[in-house]
Amino acid sequence: MFTTPTPHISAKPGDFGKTVLMPGDPLRAKFIAENFLENPVLVNNVRGVQGHTGYYKGVKVSVMASGMGMPAIGIYSHELFNGYGVENIIRVGSAGAIQEHIHLYDLVLAQGACTDSNFAKQFHLPGTFAPIASYELLSAAVDACRAANAHYHVGNVNSSDVFYGDHAGVPEGLDSVYGLKKMGVLALEMEAAALYMNAARYGKRALCICTISDHVLTGEETTSDERQNAFTTMMKVALEVAVNMENR
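All the letters of the sequence shown, read from the start, carry residue numbers 381 to 628 under our numbering.
Take a look at the structure:
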């Protein structure tokens, strides 16, 4: 357990809600707070990693950025779970699709997270650990997607430590992607596996909801402004999950 403030979060005890939405981008955290929360208050800005707390449908909810990659979300989720008593973290991020039936702006609910990361080694486990989402959060997110008539997919994602891989000499640079594709992995992202492992270790709940921002196979992509401001369906779904989980 940490005393507060923690090394990377300056908030006071009680500043965070039971559920924290966690986009990678601090500006997306600011966008969610300003457009969806009532009476939002900035509770953290260490290193510009903005954390806000407000109310959605009468429920206290927080949103804080994670930065990019598993080391970053590993730090922030660890401190939120252990220092601030947060019970639920919902990653609201972007991902690249690797299946033909998934399209730009579709939602992917990460039931599980494959990874090329060595993050699990710290837990001294025999064999291979399979990072999975909280069933409670996942089922609530499916209900929220159906209520919103959202286009969504549930399944595996791949959380990679590498954004720019070394594909020198490999045709199209898609050799590893085809391996994941044939195993039914839906999309590529960079944070879910570490978040799921931390939640498992500390008896908490976690879910990754991603909006498809680009398609690895077709080359389609969204702009940085669209990724920051236009993924509102995902944000609403996550907030509905937060309301659903308040009394659990």
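Note that beta-carbon positions come from the ideal geometry of N, C-alpha and C, so glycine has one too. Only a predicted model underlies this, so the values are computations on that prediction, with no experimental measurement involved.
In the pairwise beta carbon analysis, the segment 477-494 is classified as not touching the segment 412-422: fewer than three pairs are separated by under 8 Å. If you ignore the 5 residues before and after Ser-556, its C-beta comes within less than 8 Å of the C-beta of Gly-545, all in its own chain and listed in chain order. The beta carbon of Thr-591 sits closer than 7 Å to those of Ser-474, Tyr-485, Leu-487, Phe-611 and Met-614, all from its chain and outside the five residues before and after it, given in chain order.
Nearest C-alpha to Met-577 among His-432, Lys-501 and Val-429: Lys-501.
For Ala-452, the closest alpha carbon among the candidates Gly-599, Asn-536 and Val-429 is that of Val-429. Taking the CA atoms as reference points, Asp-523 sits about 26 Å from Ser-446.
Annotated three-state conformation of Leu-487 is strand, per DSSP. Counting of Cβ neighbours within 10 angstroms places Gly-434 among the buried residues, the total reaching 16 or more. Check the Cα spacing between Asn-536 and each of Ser-390, His-388 and Ala-572: the tightest is with Ala-572. The beta carbon of Val-534 sits closer than 6 Å to those of Leu-489 and Gln-491, all from its chain and outside the five residues before and after it, given in chain order.
Restricting attention to Thr-384, Gly-476, Cys-525 and Met-402, the CA atom closest to the CA of Ala-567 is found in Gly-476. Ranking Ser-519, Lys-562, His-504 and Asp-496 by CA distance to the CA of Gly-449 puts Asp-496 first. For His-595, there is no enclosing alpha helix (DSSP H); the residue is found in the beta strand (DSSP E) stretching over 585-595. When beta bridges are read from the DSSP output, Tyr-544 appears opposite no residue. For Gly-438, the number of other beta carbons within 10 angstroms of its own is below 16, and it is reported as exposed. Taken atom to atom, the span from the alpha-carbon of Pro-393 to that of Val-443 is near 16 Å.
The continuous alpha helix (DSSP H) containing Met-450 extends over residues 450-463.
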